[in-house]
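Undergrad: My numbering puts the first residue of the sequence shown at 974, with every later residue one more than the last. Here a beta-carbon is modelled for each residue, glycine too, at the ideal position from N, C-alpha and C.
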Amino acid sequence: MLPTILTLAALLSGSLHIRAEYRGPQWHIYLFKPLTTSLIILLALSAPPPATPFYKIAILLGLLFSLGGDIFLMLPSDRFIAGLASFLVAHLWYIGAFSLNTPALLTSWGLLPLLLYGAAMFALLLPHVPGKMKLPVSLYMVVILSMVWRAVEQLAQVGGTAAALALTGAVLFAISDSLLALNRFRQPFRLARLLVLGSYFLAQWLIALSV
C-alpha cells in the first residue's frame, strides 16, 4: 500500500511541477521539484532490504545526490556546473549499484548502440558548448553512458525484474539528459521541459523500484 501511495503522490507532485514550469507560479517549482524526488527517495527507502544491502544504499545515495542536482538547477542563478557535478556523483553511485556482482564485460549488443549514441550526441552538442564547459559536459556524457552500460550488463548477467527496471530507468535518464543538453546548448524547444522532466521523474521512479 505504501509504495502505491508514494507513487501516486510523486505522480501528482511531478505533474504540478511540470505545470508550474509552463504556467507558474515560481514557488510551485521550488516546492514540487524537490518534493517529487524526495517522494521517490521515500519509495526506495520503504523497499524491503535486498539480499545485498549495498545496492539499496547506493541507489539511495544516487537519489540524494540527484535531489541536490535538482535544487542547483532550479535556483535563479545559473548553477549548471554544480548541478552537473551532483548528478555526475549520482551516476557514479548508480554505476556502483549496477556493477554489484556483474563483471565489467563488454556485451557487444549493448555496447555498440551506446557508442553510436554517444558519438552522435558528441557531434550534435560539443560544437555548441561553451569552451570552459566542454570538458565537464564531455565527462558527464561518458559517465551517464557508462551508467547505462552497467545497467545493460546487470540485466544480461543477472536478469530479473529489478534489473529490467534499472535498465529502463537508466535509458530514460540518458534520454532526459540528452534532451536537456540539446535544449540548453543547441536549440530550445517548447516541449523540452515536459519531455525532460517527464522522462527524468519516470527514470528515477523506475530506478527506485529496482531496489
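Taking the continuous alpha helix (DSSP H) assigned at LYS1107, which residues delimit it?
TA: If you number the sequence shown from 1, residue 1107 lands on position 134. From DSSP, the alpha helix (DSSP H) with LYS1107 extends over 1107-1130.
Undergrad: Am I right that ALA1124 and ALA1139 are in contact with their C-beta atoms under 8 Å? What's the rounded C-beta distance?
TA: One-based indexing of the sequence shown puts residue 1124 at position 151. One-based indexing of the sequence shown puts residue 1139 at position 166. Right, their Cβ atoms sit about 5 Å apart.
Undergrad: Look up THR1141 in the DSSP assignment and say whether it is helix, strand or coil.
TA: As a first step, residue 1141 must be located in the sequence shown, where it is residue number 168. Correct three-state label for THR1141: helix.
Undergrad: Should THR1010 go down as buried or exposed, given a rule of 16 or more other Cβ atoms within 10 Å for buried?
TA: Residue 1010 sits at position 37 when you count from the first residue of the sequence shown. By the neighbour-count rule (16 or more Cβ atoms within 10 Å), THR1010 is buried.
Undergrad: Does the Cβ of SER986 have 16 or more other Cβ atoms within 10 Å, making it buried, or fewer, making it exposed?
TA: Residue mapping note: residue 986 aligns to position 13 of the sequence shown, counting from 1. SER986 comes out buried.
Undergrad: Return helix, strand or coil for VAL1184, following the three-state DSSP convention.
TA: By one-based count along the sequence shown, residue 1184 stands at place 211. If DSSP states are grouped into helix, strand and coil, VAL1184 belongs with coil.
Undergrad: Here's the rule: buried if 16 or more other CB atoms are within 10 angstroms of the residue's CB, otherwise exposed. What is ALA1096?
TA: In the sequence shown, the residue the question calls residue 1096 occupies position 123. With fewer than 16 other Cβ atoms within 10 Å, it is exposed.
Undergrad: On a Cα-Cα basis, can you pick out the residue from PHE1071, LEU1099 and VAL1115 that is closest to LEU1088?
TA: The residue given as residue 1088 occupies position 115 in the sequence shown. It is VAL1115 whose Cα lies nearest to the Cα of LEU1088.
Undergrad: Please state whether the Cβ-Cβ distance between PRO1023 and VAL1184 is less than 8 Å.
TA: As a working mapping, residue 1023 is identified with position 50 in the sequence shown. As a working mapping, residue 1184 is identified with position 211 in the sequence shown. Against a cut-off of 8 Å, the Cβ pair of VAL1184 and PRO1023 comes out as a contact.
Undergrad: If you draw a straight line from the C-alpha of SER1111 to the C-alpha of LEU984, how long is it?
TA: The count along the sequence shown starts at 1 and reaches residue 1111 at position 138. The count along the sequence shown starts at 1 and reaches residue 984 at position 11. The alpha-carbon atoms of SER1111 and LEU984 are separated by roughly 32 Å.
Undergrad: Excluding the 5 residues flanking TRP1000 on each side, which residues of the same chain have their C-beta closer than 7 Å to its C-beta?
TA: Locating residue 1000 in the sequence shown gives position 27, counting from the first residue. Taken in chain order, the list of residues that qualify is empty.
Undergrad: Is the Cβ of MET1106 closer than 8 Å to any Cβ of chain C?
TA: This model lacks chain C altogether; it includes just one protein chain.
Undergrad: Distance check for ASN1156 and PRO1076, CA to CA, integer angstroms please.
TA: In the sequence shown, counting from the first residue as 1, residue 1076 sits at position 103. In the sequence shown, counting from the first residue as 1, residue 1156 sits at position 183. Cα to Cα, PRO1076 sits roughly 36 Å from ASN1156.
Undergrad: Note down, in chain order, each residue of its chain lying with its Cβ closer than 6 Å to the Cβ of ALA1055, except the 5 sequence neighbours on either side.
TA: Residue mapping note: residue 1055 aligns to position 82 of the sequence shown, counting from 1. Excluding positions up to five away in sequence, the list reads PHE1045.
Undergrad: Could you round the C-beta distance between LEU1036 and ALA1181 to whole angstroms and report it? I think they count as a contact, below 8 Å.
TA: As a position in the sequence shown, residue 1036 is number 63, starting the count at 1. As a position in the sequence shown, residue 1181 is number 208, starting the count at 1. About 7 Å; that satisfies the 8 Å criterion.
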